[in-house]
Each structure stands twice: as C-alpha cells, then as structure tokens.
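The block underneath contains the structure these notes are about, expressed in structure tokens.
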Amino acid sequence: MLGASSSAPSRRRTAGVLTALAALVVAGGAAARAATPPTASAPAVAAAAQHRVLFDNSKAETAGNADWIISTSQPDPLGQNPSPSAEKDWTGALSSWGVALHKSGDYALKTLPSGNTITYGTSSALDLKNFDTFVLPEPNVLLSAAEKTAVMQFVQNGGGLFLISDHTGSDRNNDGADAVKVINDLMSNNSVDSTDPFGFSVDSLNIVTDNPRAISDSADPVLNGSFGKVTGSIIRNGTTVTLKPADNPAAKGEVYRTGYSGNTGAFFATSTFGSGRVAFWGDSSPIDDGTGQSGNTLYDGWNDPAGTDAALALNATEWLSGAAGSSGGDPTGCTGGQLLANPGFESGSSGWTATSGIINTSGGEPAHSGAYKAWLGGKGTAHTDTLSQQVTVPAGCAASLGFQLHIDTAETSSTAYDTLKVQVLNGSGSVLATLGTYSNLNAASGYTQRTFDLGAYAGQTVTLKFTATEGSKLQTSFVIDDTALTVS
Numbered sequence: 183m184l185g186a187s188s189s190a191p192s193r194r195r196t197a198g199v200l201t202a203l204a205a206l207v208v209a210g211g212a213a214a215r216a217a218t219p220p221t222a223s224a225p226a227v228a229a230a231a232q233h234r235v236l237f238d239n240s241k242a243e244t245a246g247n248a249d250w251i252i253s254t255s256q257p258d259p260l261g262q263n264p265s266p267s268a269e270k271d272w273t274g275a276l277s278s279w280g281v282a283l284h285k286s287g288d289y290a291l292k293t294l295p296s297g298n299t300i301t302y303g304t305s306s307a308l309d310l311k312n313f314d315t316f317v318l319p320e321p322n323v324l325l326s327a328a329e330k331t332a333v334m335q336f337v338q339n340g341g342g343l344f345l346i347s348d349h350t351g352s353d354r355n356n357d358g359a360d361a362v363k364v365i366n367d368l369m370s371n372n373s374v375d376s377t378d379p380f381g382f383s384v385d386s387l388n389i390v391t392d393n394p395r396a397i398s399d400s401a402d403p404v405l406n407g408s409f410g411k412v413t414g415s416i417i418r419n420g421t422t423v424t425l426k427p428a429d430n431p432a433a434k435g436e437v438y439r440t441g442y443s444g445n446t447g448a449f450f451a452t453s454t455f456g457s458g459r460v461a462f463w464g465d466s467s468p469i470d471d472g473t474g475q476s477g478n479t480l481y482d483g484w485n486d487p488a489g490t491d492a493a494l495a496l497n498a499t500e501w502l503s504g505a506a507g508s509s510g511g512d513p514t515g516c517t518g519g520q521l522l523a524n525p526g527f528e529s530g531s532s533g534w535t536a537t538s539g540i541i542n543t544s545g546g547e548p549a550h551s552g553a554y555k556a557w558l559g560g561k562g563t564a565h566t567d568t569l570s571q572q573v574t575v576p577a578g579c580a581a582s583l584g585f586q587l588h589i590d591t592a593e594t595s596s597t598a599y600d601t602l603k604v605q606v607l608n609g610s611g612s613v614l615a616t617l618g619t620y621s622n623l624n625a626a627s628g629y630t631q632r633t634f635d636l637g638a639y640a641g642q643t644v645t646l647k648f649t650a651t652e653g654s655k656l657q658t659s660f661v662i663d664d665t666a667l668t669v670s
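Heads up: the sequence shown is residues 183 to 670, going by our numbering.
As structure tokens, this is what we get:
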C-alpha cells in the first residue's frame, strides 16, 4: 500500500469522474444480477438469501495511515447510514467496497471491532460461524493460536477467507509483524493444517509499482463475476505469492505481475481448503478508495483506471461467499450433548488418566454429588497431581467445559504457594491454552461452578488437563466433580 509508506503519484480526477466510475461498477453488477423487475415479495426473498460478510478490525487495520474499515460504525455499518448510496455515506477507506456490496441487496455486512477476538463455534454474534466470508484487510498483529485455529476451521468447514497483504516491512504499529508475516504465520503455524494448506506462500517483497494483468479465462468466476470483467489490478508498494500446486492443486494465479506467470509472481490468487475457499491479494492499494477518517494519508486505488480493482474485490467476495456446501463455515447437523466419559467419576478412574488414588470416595473431602470426586493436592508436601481426558470436539459445534471446584487450604499467607491449572493440549502434548489458574488464595467453603468456552477447538481432538502443584509445607486441596464438555 503506497499511502502509508510513500507519497502517491499525482492523480488529476474530478469528483464527477470518481462518482461515474463507482456508479458504473455498482450499476453493472446490479444489471447483471437483476434481469427482471423485483416483485412485491422480492425483498423478503433477498433478505433470506443474503451473504454474510465480516470485515476484521481487530488486528490494527487502522494503525498508522491505514484505514481498512468499511465504516466507523462498528459492528454494524448501518448505524452510520442505513441507506448508503455513495462511498462517503460510510467513513473508511473500504467504504466503497462496503457500500457497493450493500447496494446490491445480496450482502449483510458487519465489522469485528478493535479489542475483539476472532472466534469460531461460540455464542458470540460476531463468531465466524455466523458468516459466509471473513475479510482480513492487511492485518498487522499476529493471530493467537486459538484465533488461527478458528480461522482455519472456518474455512475447512465451508467459509470464505479473503487475505489482503501489503509489502514486506509495512509494520504500521511497530510490533514486529507486518501483513506478510501475519498471513504466512496463519498458514504455516496453526493447529489445523500447517503443511501449506492453501498451496501458496507470501513473498517478502516490496514491489514499488506495477500494473499486473489478469489471465485469460472466460469461465473464471472471479475474473468474470456479476460485478464486471477483471482485466488487471495495480501494485503501489505490494507483494506477490509463490504457488505450490504440489501441496494444493487448487491454488491458482488469477492476476500476475508483469513478466511473470505459472507459480511465481501471482498478485491475486485463489485456492480451496476443505469445503471452503480462499482469495489472496498482494497489496492494500487496490481496495483503498481514497476516503476515510481525518488524518490518514490514503490513495484512491479503487478507482484507478490502470486496474479494474472494484470488480476484482466484489467478484472475489461473491465467489468466496458462495462456497459449495457453505453455511458460513457452520455445517448443520451438530448433535448436542455431553462428551466426557465418566464425567462425575462414579465409575472410578474409567475414562480418565490420573495420578493414582486421587479419584476416590474419601470422607476427608466430600463429593459435590454422588460418592466419587477427584481430589488433587491435599498432601502438604511438594508434589504434583494430574487429571486428564482426551476428547474430540465436533466441527461446527459450540462447546464449553464446565466443572464444580472446591478449594480449601491450610495456608495463611497472601502468597499463591499452591496452584491448579486447567489447560487444553494438542495431540503431541503441547499446551494450546491455559483456561484458568487457581491457588490457595481462591479457597472458599463449598463448590463453585467453573465454565470455559471451547468453541475454538471445534473439529479437533484435544486433551483437557488439570494439574495441581503443591509446595513443601501447608496443604491445599483442589477438589473437582461433575465435569461436562457440552456441545450444541
């Protein structure tokens, strides 16, 4: 993206030309989709069939001079203007993209605001399971392990993922990660599939300027969608990808840097993963409409006559949102229920891997219900007790871990000498997340219900593990009962 790192070339356009170009793109798409006038019942039908698109703003997409949002009204852009007709009716450098989709009548748009976490399979209204396409417009913060799992599972289960990069070194918030690093890390360092799942990797390049051209393929839906024909794009400080069809034969270059073809120099590329679809664009300049929040240095690539960027962005969104079998990456048919074996320990240690003797009926610590419970700690000597069970969380399901916990202690200090950790581990035993940590400072009479969201692990086989560690002196008992891993 040129605007954030160097000054844009001088462009002499009148407001009338800008308006006319935008109108041509939107009108052309609308004409291709609507061959007959709508009937009285058309609005209800269109609303029911709307594609759901979530634009990310949780990864510093507005850091520095960037302004990669469709509207300052978040999560719902309609809060700024419920009937936008022009790019400035919503505020953001991606407002032209958002307004064009909205005006088509086929799309419902939301933004994941700054401070939020990317999730999949939770009860959040902004969870990926509620959308058909997720747009990552030049992310500048590395996704967490759980977020990468969420994104990969979303695509695997039928969602569309739109990845937009920028040139190497475009670290707008100076945290050590630019879009090249963020996207490559997502694809090569996740718990779902790190073996080049999409069949391409982002090149560490800064291509100052070029006008890449589209391949000749009249049947390609991205290049010939309902929003118009794509002839090419623009690079104003951007990068490309290297395709690796041996890893994923679906990887395809759509638009190439001048002088390149085949597996190198692909500026716009598409692929599939599982039941979902993926699109990549090597620069944020083409999606920038030159308007946004005050103080940002922006560049109007959306309307640049050297490319057909509006048609490319809109056609790609259309293709991503129509992935075969897609329901926003949320397959139907999730069978609700409780998945843990022997959840109340009434069959002793059956189904559990545990330190010898901790699952018992001892009267020293009563069970929450029934006769058995898991009593970790309570020795008053330096040692560790563990309790674990492996479980597969079904793809597309919301999931939560719950259990009753009682803590009592002989410690009187305000120091946490003895601890209990609740963790999620992958198949190789590496810790994916520490859900909670408790200590002698949390001691209280009776049991307390503890609950954690496990939606991020839908589609994975994981191990749930409780680890109690005591110091060398006074005892602390961590008593667990009535566990449950509930999916719905």
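Glycine included, C-beta positions come from ideal geometry on N, C-alpha and C. From a predicted model like this one, the values you see are computed outputs, not experimental measurements.
### Query
With a CB to CB cut of under 6 Å and the five nearest residues on each side skipped, what residues in its chain are close to alanine 650?
Leu558, Gly559, Asp567, Leu602, Phe660
### Query
Considering glutamine 131, what are the terminal residues of the beta strand (DSSP E) in which it resides?
An answer regarding residue 131 cannot be provided, because it is not within the stretch 183 to 670 covered by the chain.
### Query
Which whole runs of the beta strand (DSSP E) in the region 587–662 are 3 residues long or more, in chain order?
601–607, 613–621, 630–635, 643–652
### Query
Quick one: complete beta strand (DSSP E) runs, 3+ long, within the region 280–367?
289–294, 315–319, 342–346
### Contact belief for phenylalanine 380 with alanine 332 at Cβ below 8 Å, rounded distance in angstroms
In fact, because the Cβ distance is near 16 Å, the residues do not count as touching under 8 Å.
#### Entry: Delimiting residues of the alpha helix (DSSP H) encompassing tryptophan 501
491–503
#### Entry: Host beta strand (DSSP E) of alanine 448 (start-end)
448–455
### Task
Out of Asn542, Asn298, Thr422, point me to the one whose CA is closest to serine 347's CA.
Thr422
### Query
Can you tell me the Cα-Cα spacing of serine 128 and threonine 616, whole angstroms?
Outside the displayed range of the chain (183 to 670) lies residue 128, so it cannot be described from this structure.
### Task
With a 10 Å radius around its C-beta and 16 neighbouring C-beta atoms as the bar for buried, classify alanine 204 as buried or exposed.
Bear in mind that the predicted position of alanine 204 carries a pLDDT of just 40, short of 50, making it too unreliable to give a figure here.
#### Entry: Best match in Glu652, Ala328, Val573 for proximity to threonine 597 [C-alpha to C-alpha]
Glu652
### Task
Kindly indicate which three-state DSSP category threonine 665 falls into: helix, strand or coil?
strand
### Query
Do tyrosine 302 and arginine 234 have their C-beta atoms within less than 9 Å of each other?
no
#### Entry: Three-way DSSP call (helix, strand, coil) for isoleucine 416 in this model
coil
### Task
Excluding the 5 residues preceding and the 5 following threonine 619 in the sequence, name in chain order all residues of the same chain whose CB lies nearer than 8 Å to its CB.
Thr601, Leu602, Lys603, Val604
### Task
Sort Thr440, Asn524, Asn366 by Cα distance to threonine 391 and report the nearest one.
Thr440
### Query
In whole angstroms, what is the alpha-carbon distance linking threonine 254 and lysine 555?
52 Å
### Three-state secondary structure (DSSP) of aspartate 271
helix
### Task
Could you check if proline 525 is buried or exposed, using at least 16 other CB atoms within 10 Å of its CB as the buried criterion?
buried
### Task
Return the residue from the list Gly287, Glu528, Ile252 that minimises the CA-CA distance to glutamine 692.
In the structure as shown, the chain starts at 183 and stops at 670, and residue 692 therefore has no counterpart that could be examined.
### Query
Between the C-alpha atoms of proline 225 and tryptophan 272, what's the straight-line distance to the nearest angstrom?
The predicted position of proline 225 is uncertain, since its pLDDT is 35 and thus under 50; a value taken from the coordinates is nonetheless stated next. If you take the alpha carbons of proline 225 and tryptophan 272, they lie about 23 Å apart.
### Query
Assuming alanine 492 and alanine 282 make a contact with CB atoms under 8 Å, what is their CB distance in whole Å?
7 Å
### Message
Pop quiz: serine 467 and arginine 418 are said to be a contact at Cβ under 8 Å. What is the actual Cβ separation, rounded to whole angstroms?
### Response
4 Å
### Query
Taking all protein chains shown into account, do 16 or more other C-beta atoms lie within 10 angstroms of the C-beta of glycine 458, making it buried, or fewer, making it exposed?
buried
### Message
the ligand GDP and phenylalanine 449: does any heavy atom of the ligand fall closer than 8 Å to the residue's C-beta?
### Response
Of the ligands one can find in the structure shown there are none, so the ligand GDP has no counterpart to examine.
### Task
Determine which residues share a DSSP beta bridge with histidine 565 and list them.
Glu652
### C-alpha gap between alanine 592 and alanine 640, whole angstroms
40 Å
### DSSP state of isoleucine 469 mapped onto helix, strand, coil
helix
### Message
For valine 613, count the other beta carbons within 10 Å of its own beta carbon; 16 or more makes it buried, fewer makes it exposed. Which is it?
### Response
exposed
### Message
Please return the same chain residues whose Cβ sits closer than 7 Å to the Cβ of alanine 359, not counting the five positions on each side in sequence.
### Response
Asn322, Val323, Leu324, Asp353
### Query
Using the C-alpha atoms, what's the distance from aspartate 378 back to serine 508?
Its pLDDT being 40, under 50, serine 508 is placed unreliably in this model, and the coordinates cannot settle the point.
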